[in-house]
Amino acid sequence: MEKVIITVAVIGGISQRSQNPHIPITPKEIAESAIDSAREGAAICHIHVRNPQTQQPSMDFELYREVVERIREKSDILLNLTTGTGARLSYDKGWDTSKLKSPDERVNHVLKLRPEICSLDVGSINFGQFVFVNLISHVGQMAQLIREAGVKPELEVFDMGHIRIAKHLMSKGLIAYPPLFQICLGVPWGIEATVENLVRMRSSLPPNAIWHALGIGASEYPMVTTSIIVGGHARVGFEDNLYFSKGILAESNAQLVRKTVEIANLLDREVASVKEAKSILGIG
Numbered sequence: 002m003e004k005v006i007i008t009v010a011v012i013g014g015i016s017q018r019s020q021n022p023h024i025p026i027t028p029k030e031i032a033e034s035a036i037d038s039a040r041e042g043a044a045i046c047h048i049h050v051r052n053p054q055t056q057q058p059s060m061d062f063e064l065y066r067e068v069v070e071r072i073r074e075k076s077d078i079l080l081n082l083t084t085g086t087g088a089r090l091s092y093d094k095g096w097d098t099s100k101l102k103s104p105d106e107r108v109n110h111v112l113k114l115r116p117e118i119c120s121l122d123v124g125s126i127n128f129g130q131f132v133f134v135n136l137i138s139h140v141g142q143m144a145q146l147i148r149e150a151g152v153k154p155e156l157e158v159f160d161m162g163h164i165r166i167a168k169h170l171m172s173k174g175l176i177a178y179p180p181l182f183q184i185c186l187g188v189p190w191g192i193e194a195t196v197e198n199l200v201r202m203r204s205s206l207p208p209n210a211i212w213h214a215l216g217i218g219a220s221e222y223p224m225v226t227t228s229i230i231v232g233g234h235a236r237v238g239f240e241d242n243l244y245f246s247k248g249i250l251a252e253s254n255a256q257l258v259r260k261t262v263e264i265a266n267l268l269d270r271e272v273a274s275v276k277e278a279k280s281i282l283g284i285g
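Numbers 2 to 285, taken from the working numbering, label the letters of the sequence shown in order.
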């Protein structure tokens, strides 16, 4: 098998410090967490940003710019910026559309900062207490803009139908070969995190697809381990899970990466360096 690429998802849009006091919030903390994770073996960092005052998810370009500049100053880890922010729809005595953004707005920071990779959520899903809205027409527009910017999209798939959408986008020439997929398991209410489901989703991917897998919460390491065993790549981090082991909070993203490296070593799969990850992904 080729070497395994480890992605660290530094912080998402849901976890709070009341759940784990170690999660990074400020641009400085997010950047330092990514850099520390790179030292432990992560080749890619997946980045969301938070408003430092409210700790809530943000789309503020200056926050993204600061994180990117801080990381690039000290590390060659590959940058993977989210485009998922701006897709939440909730209902509490009426539809709250204030968090819904246009395709242009959702990729604005990607077009300006030109990371190596960005996420692209290809389908809609009930996501916890809200709906994660990704109209196929909007996803197509985002894919076109991302491709024109020379950035590689990571296709986030939370259920079987999302793979069908991804193939549709590929048939329209919106996704370059080889495609990069992130198989997301255990998200309420996406596909459940089981070995059978991971293998089923992997088997449905287009030929020669590059793929990672992640599991949410307690399923993080069972899914990561399965992915490593069957030839995929791995994603860990505070966006997906706040614990190092049962009942023990993780102290850092770097600690979660270190555990993943140990698992890969036990399974005789070498961990890819940044240079090797670029080669596997076809990134210049």
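We put the beta carbon where it would ideally sit given N, CA and C, even for glycine.
query, result
"With DSSP as the reference, label Ser280 as helix, strand or coil.", "helix"
"Take Ala278 and list the residues in its own chain whose beta-carbon comes closer than 7 Å to its own, dropping the five residues that flank it on each side.", "Ile6, Ala44, Ile45 and Leu79"
"Let's test the definition: count the other Cβ atoms within 10 Å of the Cβ of Phe62 and tell me whether it reaches 16, buried, or not, exposed.", "exposed"
"Roughly how many angstroms separate the alpha carbons of Ser220 and Leu175, rounded to a whole number?", "32 Å"
"Just to confirm, are Glu271 and Lys29 a CB contact at a threshold of 7 Å?", "no"
"For Lys102, which residues of its own chain have a beta-carbon under 6 Å away from its beta-carbon, when the five flanking residues on both sides are left out?", "Gly87"
"If you draw a straight line from the C-alpha of Val286 to the C-alpha of Thr84, how long is it?", "This structure gives no information on residue 286, because the portion of the chain shown stretches from 2 to 285."
"Using only alpha-carbon positions, find the residue among Pro22, Ser16, Ile72 and Gln20 that is nearest to Lys39.", "Residue identity differs from the one stated: residue 39 is Ala in this sequence, not Lys. Taking only the C-alpha atoms, the option nearest Ala39 is Ile72."
"Compute the distance between the beta-carbons of Val11 and Ile48, then report whether it is under 7 Å.", "yes"
"Grouping DSSP H, G and I as helix and E and B as strand, with all else coil, what is Pro180?", "coil"
"Please report how far the alpha carbon of Leu146 lies from the alpha carbon of Lys100, in whole angstroms.", "21 Å"
"When you measure from the CB of Gly162 to every non-hydrogen atom of the ligand ADP, does any distance come out below 6 Å?", "As far as ligands go, the structure on display features none, and thus does not contain the ligand ADP."
"Answer yes if the stretch 117-126 comes into contact with the stretch 146-157, meaning at least three C-beta pairs across the two stretches below 8 Å, and no otherwise.", "yes"
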